[in-house]
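Have a look at the structure below, then the notes.
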Amino acid sequence: MSIEEAVVLAEEDRLEDDLYPEPTAIGINVGQVVSGGTVHGGVHQTFVENKLINEAIRRHHLLRAYVDQVVQSLAPRSYRLSSQDQDLSLDRAAAARLVGDQPWVVVLGPANSGLRTAAVALLHEASQAGRRLEEILIDEERGRPFAAVDLPAERGLTYLLCLPDQRERVSPDLGRRLQAHAAHLATLDAHLVVVATPGVWGAVGSVGTVSVLQVTPPDLPEVVRRECAVHAVDASSIVGHPTISEVLARATVTDAMRLAGIIVTAVRNHPDHDVPKLVEEVCGAYGDWDDVLAAWFSAARSIRHRLFLVAAALLEGEPPAEVLDAVNSLGQTLGDLPSVRSDGLAEVGLRALMSEINAEVVDGRLRFERANYATAVLTFLHGDRSAWFHRKLWEWAMDLPLRRNDHRQTRLAERIVGNLVAIVLRSRDTRPLVWLNRWTGKPYLRPHVVQALTATAMSDEVGADVRSLLYRWSRAERASDQSLCTIAEVCSGELARLYPRVSLTRLGHIAHRGSPVVREAIVTAVRRLWEIPRLRPRIVEVVTTWTEGEAGGRAETAWRVFAALARSEAHPVLMAWQDGPLRAGLVGAVARLFDRAEADVTHAELGESLLDAALLSEENRERIVEFLGDVVRRGDGGTRRLVRLSKLAFTWQPVDGDVTNPDRREVRDHVVESLHQVDPLIVGA
Numbered sequence: 013m014s015i016e017e018a019v020v021l022a023e024e025d026r027l028e029d030d031l032y033p034e035p036t037a038i039g040i041n042v043g044q045v046v047s048g049g050t051v052h053g054g055v056h057q058t059f060v061e062n063k064l065i066n067e068a069i070r071r072h073h074l075l076r077a078y079v080d081q082v083v084q085s086l087a088p089r090s091y092r093l094s095s096q097d098q099d100l101s102l103d104r105a106a107a108a109r110l111v112g113d114q115p116w117v118v119v120l121g122p123a124n125s126g127l128r129t130a131a132v133a134l135l136h137e138a139s140q141a142g143r144r145l146e147e148i149l150i151d152e153e154r155g156r157p158f159a160a161v162d163l164p165a166e167r168g169l170t171y172l173l174c175l176p177d178q179r180e181r182v183s184p185d186l187g188r189r190l191q192a193h194a195a196h197l198a199t200l201d202a203h204l205v206v207v208a209t210p211g212v213w214g215a216v217g218s219v220g221t222v223s224v225l226q227v228t229p230p231d232l233p234e235v236v237r238r239e240c241a242v243h244a245v246d247a248s249s250i251v252g253h254p255t256i257s258e259v260l261a262r263a264t265v266t267d268a269m270r271l272a273g274i275i276v277t278a279v280r281n282h283p284d285h286d287v288p289k290l291v292e293e294v295c296g297a298y299g300d301w302d303d304v305l306a307a308w309f310s311a312a313r314s315i316r317h318r319l320f321l322v323a324a325a326l327l328e329g330e331p332p333a334e335v336l337d338a339v340n341s342l343g344q345t346l347g348d349l350p351s352v353r354s355d356g357l358a359e360v361g362l363r364a365l366m367s368e369i370n371a372e373v374v375d376g377r378l379r380f381e382r383a384n385y386a387t388a389v390l391t392f393l394h395g396d397r398s399a400w401f402h403r404k405l406w407e408w409a410m411d412l413p414l415r416r417n418d419h420r421q422t423r424l425a426e427r428i429v430g431n432l433v434a435i436v437l438r439s440r441d442t443r444p445l446v447w448l449n450r451w452t453g454k455p456y457l458r459p460h461v462v463q464a465l466t467a468t469a470m471s472d473e474v475g476a477d478v479r480s481l482l483y484r485w486s487r488a489e490r491a492s493d494q495s496l497c498t499i500a501e502v503c504s505g506e507l508a509r510l511y512p513r514v515s516l517t518r519l520g521h522i523a524h525r526g527s528p529v530v531r532e533a534i535v536t537a538v539r540r541l542w543e544i545p546r547l548r549p550r551i552v553e554v555v556t557t558w559t560e561g562e563a564g565g566r567a568e569t570a571w572r573v574f575a576a577l578a579r580s581e582a583h584p585v586l587m588a589w590q591d592g593p594l595r596a597g598l599v600g601a602v603a604r605l606f607d608r609a610e611a612d613v614t615h616a617e618l619g620e621s622l623l624d625a626a627l628l629s630e631e632n633r634e635r636i637v638e639f640l641g642d643v644v645r646r647g648d649g650g651t652r653r654l655v656r657l658s659k660l661a662f663t664w665q666p667v668d669g670d671v672t673n674p675d676r677r678e679v680r681d682h683v684v685e686s687l688h689q690v691d692p693l694i695v696g697a
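Quick look at the structure:
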């Protein structure tokens with residue numbers, strides 16, 4: 013074993029100890045919506061990237077195509093407007109007009125009743141008219157009640173805010189804050205739609221006058237029919253079957269949506285099946301084939317049959333011969349087979365093994381005949397086996413791509429990480445994510461880790477848990493550079509667009525590290541976030557706080573970040589010019605920088621970036637001069653800062669180059685003359 017592998021394994025042990033303090037509990041089948049078109053549970057890269065991440069983006073950014081699809085598949089429901097003066101039942105169009113006429117509207121309904129979908133449908137007309145929509149996500153650390161602080165407010169936008177389902181997660185004065193924010197939005201021709209359960213809305217305190225729409229739950233058979241129709245599948249005969257009716261009688265809207273996805277899959281893959289056969293297939297997949305698998309494992313199956321089933325579940329979509337080859341290594345990893353290969357004539361062959369697990373070959377690749385069977389097998393094992401088994405199984409799976417050095421490596425990695433994410437979402441158990449750490453040190457595999465962590469952190473099922481997990485990992489003292497760099501990449505991608513405060517908090521914890529590799533990863537991460545204009549004020553605020561404290565550590569990282577941002581099209585000082593608190597914070601930070609006893613590259617990088625910005629326009633020049641004057645006047649030590657800034661200006665543009673660089677000479681002289689007119693003994697800023 014190499015030193016690198018030993019380090020990875022040691023870190024996995026530490027992370028796993030943190031994640032597995034108790035024996036693994038039996039998993040329960042609750043879970044995600046299954047999109048129509050999934051081929052028999054086969055998991056591909058699109059499951060993580062194209063399906064999960066892109067769907068989360070469409071959903072939370074309220075893109076027009078997403079809103080259109082919501083309305084297209086919406087089962088009819090009524091919106092009851094009740095107040096002291098009236099009690100009206102409105103259809104969707106009338107309720108949507110109310111949303112457009114009022115500064116804010118509250119939509120109430122039971123939990124797990126498709127309440128958010130009903131609210132999104134009210135935004136359809138606004139979307140069609142070209143009005144921008146935006147969802148306000150609760151970007152708070154876990155355990156903190158939502159208090160509606162720093163809510164966005166842009167002219168002409170319509171905002172959607174979904175409150176938590178738990179009363180304890182909202183502040184008792186939330187109603188007052190929302191009312192004040194709605195009044196502010198009204199001055200900007202903006203609107204707010206708040207979604208909540210009646211119990212939670214009763215806990216937010218006084219709200220004054222607001223229109224409240226109470227939404228009735230939809231008819232679940234109609235939910236299934238309409239969702240299937242969107243995917244060009246007529247599900248009427250299946251939905252009308254008594255067995256499906258019994259299933260829907262105990263279901264939620266989320267369950268009904270998942271059932272619709274399974275029906276689409278079953279009909280597309282078995283167009284020749286009659287209704288009873290399709291119902292049997294659908295009910296089996298809906299229940300994760302739990303009874304079938306329990307009976308199968310209870311029978312006296314040989315070790316080779318069991319190993320082949322597990323290998324096929326993880327590798328469905330690969331050539332069957334490769335699945336068979338994997339059986340030996342899996343058996344040796346689990347301790348079920350001897351250390352030597354066992355492929356003689358005495359062993360069961362490929363055809364017999366495939367027949368035993370109800371698999372077939374389609375276009376040269378193995379697939380299960382039953383819908384969503386691969387995920388069902390892995391879900392069953394997750395709830396039926398020990399933590400030791402889980403560890404060994406995923407160690408084996410994560411090692412498979414490491415043994416390849418061809419095009420199959422990427423394909424295998426996509427398949428493995430997709431399966432792992434599926435199990436995390438189906439079982440709502442984030443602990444398997446620790447095994448992704450085996451890939452963080454491999455540049456060609458790290459993107460798959462980033463995608464998996466991003467998808468789960470953005471998910472409805474385990475998003476809050478994964479974001480908490482990233483918090484713990486970012487603070488782990490013994491975390492490797494590779495792991496920290498991976499977290500930095502996650503926190504500078506799509507996750508940061510939805511949860512900027514959470515992402516910047518984790519980057520702040522990592523910024524304490526003194527490793528050059530980690531520091532460069534933080535600089536790269538913040539530079540990526542800087543490309544999102546609406547995040548720039550928050551970035552300046554956060555990175556400014558990093559500069560506090562002694563030189564080195566997080567302060568050094570902060571100045572590396574500011575130096576990188578200063579080379580962008582939006583200099584931090586100029587960007588924050590109109591924001592008094594941000595500007596004052598930057599003045600204090602730069603003053604502390606030039607109070608250091610030693611001059612270093614950080615002084616030069618920041619100072620030169622300011623002078624470069626002053627070259628661009630007369631307005632920039634005057635602002636930079638004013639900013640540097642504030643730096644000189646900031647607290648004690650102004651004379652020292654004045655001397656150092658003047659010296660830096662002459663370093664930026666030496667006298668012997670004045671003839672060939674008249675513009676730079678003019679800026680230098682103007683800055684130096686202006687600074688010398690500042691009285692450093694007068695404390696300002």
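Residue numbers (my numbering): 13 to 697.
Heads up, the beta-carbon is just placed ideally off N, CA and C, and yes, glycines get one too.
Which residues share a DSSP beta bridge with Glu-581? Paired residues: none, contrary to the question.
Using CA coordinates, which residue listed in Thr-672, Gly-600 and Ser-686 is at the minimum distance from Gly-649? It is Gly-600 whose Cα lies nearest to the Cα of Gly-649.
Would Leu-305 and Ala-388 qualify as a contact pair, given that the criterion is a beta-carbon distance under 8 Å? A contact, by the Cβ cut-off of 8 Å.
Which residues bound the alpha helix (DSSP H) around Arg-653? 650-664
Please specify which runs of the beta strand (DSSP E), each continuous and at least 3 residues long, are wholly inside the region 479-521, giving them in chain order. none
Alpha-carbon to alpha-carbon, Thr-442 and Ser-492: 20 Å
Exposed or buried, what is Asn-449 when buried is set at 16 or more other beta-carbons lying within 10 Å of its beta-carbon? buried
Reference Val-79, options Arg-143, Val-514 and Leu-110, closest by Cα: Arg-143
Check this for me: beta carbons of Asp-675 and Leu-622, under 8 Å apart or not? no
Leaving out five residues on either side along the sequence, give the residues of the same chain with a beta carbon under 7 Å from the beta carbon of Arg-548. Trp-542, Ala-582 and Met-587
Could you tell me which residues DSSP puts in a beta bridge with Val-117? Val-205 and Ser-223
For Gly-252, which option in His-688, Val-461 and Leu-232 has the closest C-alpha, if you only look at C-alpha atoms? Leu-232
Tell me where the alpha helix (DSSP H) around Ala-364 begins and ends. Per DSSP, Ala-364 belongs to the alpha helix (DSSP H) from 362-368.
Ordered along the chain, which non-local residues of its own chain (more than five positions away) have a Cβ less than 7 Å from that of Ala-425? Result list for Ala-425: Pro-413, Leu-457 and His-460, in chain order.
Drop a sphere of 10 angstroms on the beta-carbon of Arg-479, count the other beta-carbons inside from all chains shown, and report buried for 16 or more, exposed for fewer. buried
Judging by CA-CA distance, which residue of Gly-299, Ala-371, Ala-467 and His-521 is the nearest neighbour of Arg-262? Gly-299
Can you list, in chain order, the residues of its chain with a C-beta nearer than 6 Å to that of Cys-11? Leave out the 5 residues immediately preceding and following it. The shown model of the chain, from 13 to 697, leaves out residue 11, and the question about it has no answer.
Beta-carbon spacing of Thr-468, Val-436 below 8 Å: yes
What residue range is occupied by the uninterrupted beta strand (DSSP E) comprising Phe-380? 377-380
Do Val-535 and Ile-522 come within 8 Å of each other at the CB atom, strictly closer than that value? Between Ile-522 and Val-535, the C-beta gap is not smaller than 8 Å, which leaves the two residues out of contact.
Can you tell me which of the three DSSP states Arg-608 falls into? coil
Within 10 angstroms of its Cβ, does Trp-116 collect 16 or more other Cβ (buried), or is it exposed? Burial call: buried.
Rounded distance between the beta-carbons of Leu-64 and Ser-398, thought under 8 Å: Going by Cβ atoms, the distance from Ser-398 to Leu-64 rounds to 28 Å, so no, they are not a contact pair.
What is the DSSP secondary structure of Ala-383, reduced to helix, strand or coil? coil
Tell me the residue span of the alpha helix (DSSP H) that contains Asp-675. Element bounds for Asp-675: 674-688.
Counting C-beta neighbours from all protein chains within 10 Å, is the total for Val-60 16 or more, i.e. buried, or is it exposed? buried
Output yes or no for whether 8 Å exceeds the beta carbon distance between Ala-215 and Val-242. no
Between Phe-574, Ala-123, Ala-141 and Ala-77, which lies nearest to Ala-108 when the distance is taken from Cα to Cα? Ala-141
Use the C-beta contact count for Glu-328: other C-beta atoms within 10 angstroms, 16 or more gives buried, fewer gives exposed. buried
Of the residues Arg-238, Asn-384, Ala-138 and Arg-156, the one placed nearest Ala-324, counting alpha carbons only: Asn-384
Below 8 Å, can you find three or more Cβ-Cβ pairs linking the region 149-156 to the region 111-131? no
May I have the straight-line CA-CA distance separating Trp-406 from Arg-487, to the nearest angstrom? Straight-line Cα distance between these residues: approximately 25 Å.
Just to confirm, is the Cβ distance from Gly-526 to Gly-561 under 8 Å? no
Rounded C-alpha distance that separates Met-366 from Ile-250: Spanning the alpha carbons of Met-366 and Ile-250 requires a straight line of approximately 29 Å.
Run through the DSSP bridge pairs and tell me what Thr-170 is partnered with. Leu-145 and His-203
Considering only the beta carbon of each residue, do Val-205 and Leu-163 sit closer than 8 Å? no
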